[in-house]
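Those sequence lines, one after another, are chains A and B. With this note's numbering, the residue at position 60 of the first sequence is 60, and numbering never jumps. With this note's numbering, the residue at position 92 of the second sequence is 1092, and numbering never jumps. Just so it is clear, CB atoms sit at the ideal spot from N, CA and C, and this is done for glycine as well. Only one structure is covered here, and it is reproduced in the block below.
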Amino acid sequence: DTAVSQTPKYLVTQMGNDKSIKCEQNLGHDTMYWYKQDSKKFLKIMFSYNNKELIINETVPNRFSPKSPDKAHLNLHINSLELGDSAVYFCASSLEGSGRPQEQFFGPGTRLTVL
Amino acid sequence: GDSVTQMEGPVTLSEEACLTINCTYTATGYPSLFWYVQYPGEGLQLLLKATKADDKGSNKGFEATYRKETTSFHLEKGSVQVSDSAVYFCALSLNTGGFKTIFGAGTRLFVKA
């Protein structure tokens, strides 16, 4: 069983379009994240949700809007796509209820290419 | 602010060579420290972790020790294999009212047969 899954794996689209990436975890974790990884492999946190509540919202354009319908899902919607949005987007989850930071489990990534 | 600095790559080694990837951090609190590995075309996965000073994390022949006095968490392996070729990320996690993880820039390792 896949622990953290993302769809789609690849996404190729034109500038100006709107697209969504979905993420689901079946680990019973309470915290989910979105990261952006650029072509140099640099990994940057975008958002973090704990029990469906937004707790980290880094400086990303407001064209990016996360949505967590329940604890097991965290989707990312992107409006008016730009060339610079091309990257690999990773979803991750962790169980933070103990109060001490825990390891994160990552999905396989979604490679977004904006033409 | 909180940050992680790791040695730049790529690092190229022959099979059975010793590996050290340096990692140092700055943190305003008392972080947990992690090494993650990313194989080509995959997401990151945990390699090892340490949650307090002098803890040693180990897995698959890799080791790292949490050194509070030098704020370091260097990754070591005595004998690398071709299958160890990947990108390695050092990371720290802090509870700052929300859990925040900061990753280093990643170090790409190539191991030649």
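Separation of the CB atoms of Lys-19 (chain A) and Leu-81 (chain A) is rounded to 6 Å, and the pair is thereby assigned contact status at 8 Å. Per DSSP, the beta bridge partners of Asp-70 (chain A) are A:His-73. If you draw a straight line from the Cα of Lys-1049 (chain B) to the Cα of Gln-14 (chain A), it comes to about 41 Å. Taking 8 Å as the cut-off, the beta carbon of Val-88 (chain A) is found closer than this to the beta carbon of Gln-37 (chain A). For Gln-1045 (chain B), the uninterrupted beta strand (DSSP E) run begins and ends at 1044 to 1050, by DSSP.
Taking each of A:Leu-112, A:Gly-107, A:Leu-115 in turn and checking the Cα distance to Thr-2 (chain A), the smallest one comes out for A:Gly-107.
Just measuring C-alpha positions, the residue of B:Gly-1001, B:Lys-1068, B:Asn-1022, B:Ser-1003 sitting nearest Leu-1109 (chain B) is B:Asn-1022.
Along the region 1038 to 1060 of chain B, the positions whose C-beta sits under 9 Å from a C-beta of chain A are Gln-1038, Gly-1041, Glu-1042, Gly-1043, Leu-1044, Gln-1045, Leu-1046, Lys-1049, Thr-1051, read in chain order. Contact annotation, Gln-1038 (chain B) with Phe-1089 (chain B): C-beta distance approximately 7 Å; criterion of less than 8 Å satisfied. A straight-line Cα-Cα distance of about 35 Å links Phe-1099 (chain B) and Leu-115 (chain A). In the displayed model, Gly-84 (chain A) falls within a helix according to three-state DSSP. Annotated as distal: Ser-1093 (chain B) and Ser-1003 (chain B), with beta-carbon spacing of 8 Å or more.
With contacts defined by Cβ atoms closer than 8 Å, Ser-93 (chain A) and Leu-112 (chain A) do not form a contacting pair.
Comparing alpha carbon positions, the residue from B:Lys-1112, B:Thr-1107, B:Asp-1055, B:Thr-1051 closest to Gly-1009 (chain B) is B:Thr-1107.
Sequence-distant partners of Thr-59 (chain A) (beyond 5 residues in either direction) whose C-beta falls short of 6 Å from its own C-beta are missing from its chain. Taking CB atoms only, Gly-28 (chain A) has no neighbour in chain B less than 8 Å away. Membership of Phe-47 (chain A) in the beta strand (DSSP E) is indicated by the continuous run 43 to 50.
By the CB criterion at 8 Å, Glu-1042 (chain B) and Lys-1112 (chain B) fall outside the cutoff.
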